[in-house]
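A.B. asks: Residues 258 to 422 (my numbering) make up the sequence shown, in order.
We treat Cβ as the ideally placed atom computed from N, Cα and C, and that holds for glycine.
Bear in mind that the values here come from a model prediction, so they are computed numbers and not experimental data.
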Amino acid sequence: MGCCNCCGSLSCNGLSNCNNNGRNQTNIYFTNVTGNVAIPFATDTTVLTLPVTTTSSLQPVKVDGVVQLQVVLQTAVAVVFQCGITIQLLRNGTPLITETYQLGGTLSLLATVTQTDVIPISFVDNNTSLGTNTYTVIVNFFQRTIGLGTITVTAQTRTLNAITF
């Protein structure tokens with residue numbers, strides 16, 4: 258996790274103060290995670306957390322990121338399957354956006370299918386409070402229908418970036 262002050266300096270060596278003529282200071286915050294997180298069925302699982310400091314109430318924050326999901330389906334018989342996953346961006350526990358990802362189809366006898374997708378996140382938050390605002394990304398594996406087989410969901414590489422203006 259990091260923060261870079263963007264008040265005219267091209268170096269990114271931490272947060273420093275600069276006089277911005279009374280305007281809000283522009284900063285970038287980021288976190289990049291590469292370890293796998295298994296997503297259990299019907300459970301909100303936190304996959305990213307990023308604290309962002311604002312210098313005034315209602316200071317705009319642009320939040321962008323991605324979550325790479327891997328879905329593995331295994332079966333010993335031909336089946337029709339459905340899989341549903343939501344990704345939510347929250348600020349201080351309040352939901353801001355929800356993305357729904359659904360996968361479905363038919364698997365043949367003795368099949369294993371692995372699908373990897375990158376789900377983007379983008380939001381401009383104009384309702385921040387003064388001080389630290391914590392942005393959290395949660396994943397929920399909410400639907401699975403496969404009959405005689407298994408579905409597993411894993412969050413892989415994920416990143417979250419925020420810029421204050």
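Name the two residues that bound the continuous beta strand (DSSP E) containing Phe380.
C.D. replies: Where Phe380 is concerned, the enclosing beta strand (DSSP E) stretches over Ala368 to Asp382.
A.B. asks: Using a threshold of 8 Å, state whether the C-beta atoms of Ile423 and Thr303 are closer than that.
C.D. replies: Residue 423 is absent from the model: the chain starts at 258 and stops at 422.
A.B. asks: Taking Cβ positions, are Arg415 and Val324 nearer each other than 8 Å?
C.D. replies: For Arg415 and Val324, yes; Cβs fall inside 8 Å.
A.B. asks: Spatial neighbours of Ile408 within its chain, please: C-beta separation below 6 Å, excluding the five flanking residues on both sides.
C.D. replies: The residues are Leu330, Cys340 and Arg401.
A.B. asks: Which class does Asn284 belong to by DSSP, given the choice of helix, strand or coil?
C.D. replies: Note: Asn284 maps to strand in three-state DSSP.
A.B. asks: My output table needs one value for Gln316: the three-state DSSP class, helix, strand or coil.
C.D. replies: Three-state result, Gln316: coil.
A.B. asks: Leaving out the 5 sequence neighbours to the left and right, which residues in its chain are closer than 6 Å to Thr369 when beta-carbon positions are compared?
C.D. replies: Closer than 6 Å at Cβ, skipping near neighbours: Gln331.
A.B. asks: May I ask you to report which of helix, strand or coil DSSP gives Gly322?
C.D. replies: Residue state, collapsed to three classes: strand.
A.B. asks: Please state if the CB of Asp321 and the CB of Asn418 are separated by a distance shorter than 8 Å.
C.D. replies: Yes, the Cβ-Cβ distance between Asn418 and Asp321 is below 8 Å.
A.B. asks: Report the residue from Ala299, Leu307 and Leu364 whose alpha carbon sits nearest the alpha carbon of Val334.
C.D. replies: Measuring from the Cα of Val334, the nearest candidate turns out to be Leu364.
A.B. asks: Rank Thr373, Tyr358 and Gln413 by C-alpha distance to the C-alpha of Asn397 and give the top, closest one.
C.D. replies: It is Tyr358.
A.B. asks: State the CB to CB distance for the pair Phe399 and Thr343, rounded to an integer number of angstroms; the pair is presumed to be in contact (CB under 8 Å).
C.D. replies: That pair is a contact at about 6 Å.
A.B. asks: With Val375 and Lys319 assumed to form a contact (beta carbons below 8 Å), what rounded beta-carbon distance in angstroms separates them?
C.D. replies: Not quite, the Cβ-Cβ distance comes to about 19 Å (not below 8 Å), so this is no contact.
A.B. asks: What does the alpha-carbon distance come out to for the pair Ile285 and Leu367?
C.D. replies: Whole-angstrom Cα-Cα distance: 48 Å.
A.B. asks: Can you name, in chain order, every residue of its own chain whose Cβ lies under 8 Å from the Cβ of Ala299, other than the five neighbours on each side?
C.D. replies: Excluding sequence neighbours, Ala299 sits near Asn397, Phe398 and Phe399.
A.B. asks: Quick one, which of Ser314, Gly362 and Val336 has its alpha-carbon nearest Gly424's?
C.D. replies: This structure does not reach residue 424, given that the chain is present from 258 up to 422, and the question cannot be answered.
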